[in-house]
Amino acid sequence: MDPLIELLRNNSNRSPKEIALALGLAESEVTARIAAAEADGTILGYSAVVDRLKAGDRRVTALIEVRISPERDGGFDRLARRISKFDQVRDCFLMSGGYDLAVIVEGKDLLDVATFVSEKLSTLGGVLSTATRFELKAYKENGFLANGGGDEERLPVSP
Amino acid sequence: MEYDNKISNIIRDLPRSGIRDFFELVIGRTDVISLGVGEPDKPTPWPIREAVIRSLEKGQTSYTSNLGLESLRIGISEYVTKHFRTTYDPKTEILVTVGVSEALDIAFRAVLNPGDEVIYHEPCYVSYSPSIKMAYGVPVVVQTREENEFALMAEDVEKAITPRTKVIALNFPTNPTGGIMPQEELAKIAALAVKHDLLVFTDEIYSELLYDGRQHKSIVEFPGMRERTILLHGFSKAFAMTGWRLGYACAPAPLREAMMKIHQYCMLCAPIMSQMAGIEALKMGEAAYEDMRQSYEQRRNLIVSRLNGMGLHCFNPGGAFYVFPEIRSTGLTSKEFAIQLLEKKSVAVVPGSAFSSAGEGFVRCCYATAPELIAKAMDLMEEFVNEVRAKK
Chain A
1 MDPLIELLRN NSNRSPKEIA LALGLAESEV TARIAAAEAD GTILGYSAVV
51 DRLKAGDRRV TALIEVRISP ERDGGFDRLA RRISKFDQVR DCFLMSGGYD
101 LAVIVEGKDL LDVATFVSEK LSTLGGVLST ATRFELKAYK ENGFLANGGG
151 DEERLPVSP
Chain B
1001 MEYDNKISNI IRDLPRSGIR DFFELVIGRT DVISLGVGEP DKPTPWPIRE
1051 AVIRSLEKGQ TSYTSNLGLE SLRIGISEYV TKHFRTTYDP KTEILVTVGV
1101 SEALDIAFRA VLNPGDEVIY HEPCYVSYSP SIKMAYGVPV VVQTREENEF
1151 ALMAEDVEKA ITPRTKVIAL NFPTNPTGGI MPQEELAKIA ALAVKHDLLV
1201 FTDEIYSELL YDGRQHKSIV EFPGMRERTI LLHGFSKAFA MTGWRLGYAC
1251 APAPLREAMM KIHQYCMLCA PIMSQMAGIE ALKMGEAAYE DMRQSYEQRR
1301 NLIVSRLNGM GLHCFNPGGA FYVFPEIRST GLTSKEFAIQ LLEKKSVAVV
1351 PGSAFSSAGE GFVRCCYATA PELIAKAMDL MEEFVNEVRA KK
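Sequence order for the protein chains is A and B.
Residue numbers for the first sequence follow the working numbering, beginning at 1 and rising by one.
Residue numbers for the second sequence follow the working numbering, beginning at 1001 and rising by one.
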């Protein structure tokens, strides 16, 4: 992978100047390459990884296992893209194994998610079945431990 | 009681580590950004820690062979063969120790008679001179210089050789400078060792941490060197295992056996938990440190560029995780610089003078620290340098 993209994947909150120094590039080149990666869709967007409990976010998240029937032209893509377009859908992946799509949905409460599944998702033509699993607690998100790290103490000065 | 005459002359006359003096100024302060450490900023990789938890659950808490667990020695032999292209017999030529510090200590004790001379290079890690003295040897210093990016020059070594010289001790990449050895200079030093029939101790603790696509080559790989070299290595730096205190020595059987005699009486064996961690670390191999190495390289680029940008001359070191900027242009001594920077800006660096008089005029900054903190520390250091210069 491009080291610039890898650096941004680990921490997108670094200034182009800092990235330029770390990679030994000119700042203008870093800015240009980031802009190009944004323009061609290599970089889809930026967001902070948040401990939702600490942030007071009481919404619920569910992983919905969806089985769908593939179409003659295009396989799973058309339906998967259609499902992805709903605002409630945070992530949507095609999976190997016992079901086809893993759809991660956020809603303001259980009923909200249940309504979305029963009224929007299950009723789509081509959706064969759904199984909804609610998330209870997050221990690690996007590579970051919740309540983790920071408990290792280093001496401030050592040989 | 009058204690002065109760303490051995050698120990009484040993200086305290300059690091400890500085440590006492910093300890207890919570607001400090520290570039003063000598270890990775991440804890030991989780698979290593997890393997040790499992070994404790299984009740593996006993003594091991004095030499260290056989499976660990086999792992070390394979690792050393791969990284140093030199093969040691796990049964007769490898000893597992409590860190490289112990390995260095018992290596000196195993070979030195009182008055034997050891050539080593400064600035260096704090324990070289004291370890030699504690083994009744005579430390003979060769200074490395900034103009050579702190590499050791063979002609300087040659001038230091006398009929009493027994050992040349090397440590590249070096703490505190980050200096590495050009291969042609290493070849010349190897030739000197052969010509004068000297032993060489090579402390390889930073050998995995090399940058800019460099491949490490140890002095043991040069012609005639395997028979006269004690290769010292450990897990602390590459595998982020400083607190486990696990190292090893590889040497021809008679030298290993001499070291083993000391180790068995003073240490018995390295802690079994640490040895279990070592076995898992070697199974992970490069996967345990390659990401960190790449990240260190980026942090090095960042810090070298910032230091030069604020007018503190700093060469681009090829290894370890330290930079050694020259601070003479501020008109301050190393110690004044470090203390004032700590007091005024709450940034901790270590005065170069803590690593011998050859380090005066420099400070050591460790970049095994989060990039955000490095950037913040550099902003504060730049303010400090500008304020000092404005006053001049």
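Note that the Cβ used here is the ideal one computed from N, Cα and C, for glycine as well.
These numbers were taken from a predicted model, which means no experiment stands behind them.
In terms of CA proximity to L145 (chain A), B:W1046 leads the group B:M1378, B:V1032, B:W1046, B:S1346. Under the Cβ distance rule, E18 (chain A) counts among the residues neighbouring chain B, one pair being separated by less than 7 Å. Between I1094 (chain B) and R1256 (chain B), the alpha-carbon positions lie close to 7 Å from each other. Neighbours of P1371 (chain B) in chain A, taken as residues at a C-beta separation under 8 Å, are given in chain order as N11, R14, E18, A22.
Taking CB atoms only, R154 (chain A) has a neighbour in chain B less than 7 Å away. Relative to the Cα of E1227 (chain B), the nearest Cα in the group B:N1148, B:C1250, B:L1025, B:Y1211 belongs to B:C1250. Between I43 (chain A) and P70 (chain A), the alpha-carbon positions lie close to 29 Å from each other.
Taking 7 Å as the CB threshold, Q1298 (chain B) lines the interface with chain A. Neighbourhood of E1382 (chain B) in chain A, by CB distance below 8 Å: empty, with the nearest CB roughly 13 Å away.
Across the structure, A1240 (chain B) and G1278 (chain B) are spaced so that their CA atoms are roughly 11 Å apart. The closest CA to that of A1320 (chain B), considering only B:S1356, B:I1033, B:V1037, B:S1131, is found on B:V1037.
Within the segment 1111 to 1132 of chain B, those residues whose Cβ lies closer than 9 Å to any Cβ of chain A are, in chain order, Y1125, V1126, S1127. Here the alpha carbon of S1357 (chain B) sits roughly 51 Å from the alpha carbon of A37 (chain A). Here F93 (chain A) carries a strand assignment [DSSP, helix/strand/coil].
Here R90 (chain A) is not near E65 (chain A), since their CB atoms are 7 Å or more apart.
Here D57 (chain A) is exposed. Its C-beta has fewer than 16 other C-beta atoms within 10 Å.
Closer than 8 Å at the C-beta level to chain A, one finds these residues of the segment 1303 to 1314 of chain B: S1305, R1306. Counted as a single uninterrupted DSSP element, the beta strand (DSSP E) harbouring A62 (chain A) occupies residues 60 to 68. A Cβ-Cβ contact shorter than 7 Å links E18 (chain A) with A1375 (chain B). Counting only residues of its own chain and dropping the five nearest sequence neighbours on each side, F1172 (chain B) has a CB closer than 6 Å to the CB of I1180, M1181. Taking CB atoms only, A1338 (chain B) has no neighbour in chain A less than 7 Å away. Around A1348 (chain B), the beta-carbon contacts reaching into chain A at under 7 Å are P156, V157. If you look at H1233 (chain B), you'll find it in the beta strand (DSSP E) that goes 1229 to 1234. Between the alpha carbons of Y1079 (chain B) and L121 (chain A) lies a distance of about 54 Å. Put simply, the CB of I1205 (chain B) is far from chain A, with every gap to its CB atoms at 7 Å or more. Think of a sphere of 7 Å around the beta carbon of F1022 (chain B): the chain A residues whose beta carbon falls inside it are V157, in chain order. Annotation: C1266 (chain B) is outside any beta strand (DSSP E); the continuous alpha helix (DSSP H) that includes it extends over 1253 to 1266. Interface criterion not met: the Cβ of G1028 (chain B) is under 7 Å from no Cβ in chain A. Chain order gives no chain A residues near G1359 (chain B), where near means a beta carbon separation below 7 Å; the closest approach is about 13 Å.
Below 8 Å, too few C-beta pairs join the segment 1052 to 1069 of chain B and the segment 1213 to 1233 of chain B to call them touching: fewer than three.
When secondary structure is reduced to three states using DSSP, L145 (chain A) falls in the strand class. Going by DSSP, D1041 (chain B) is part of no alpha helix (DSSP H) at all; its letter is neither H nor E. In the assembly as shown, K85 (chain A) is an exposed residue. Its beta-carbon has fewer than 16 other beta-carbons within 10 Å.
Secondary structure note for R1364 (chain B): its beta strand (DSSP E) is the uninterrupted segment 1363 to 1366. Per DSSP, V127 (chain A) is one residue of the beta strand (DSSP E) stretching across 127 to 134.
Following the DSSP letters along the chain, one finds T1165 (chain B) in no alpha helix (DSSP H) but inside the beta strand (DSSP E) bounded by residues 1165 to 1170.
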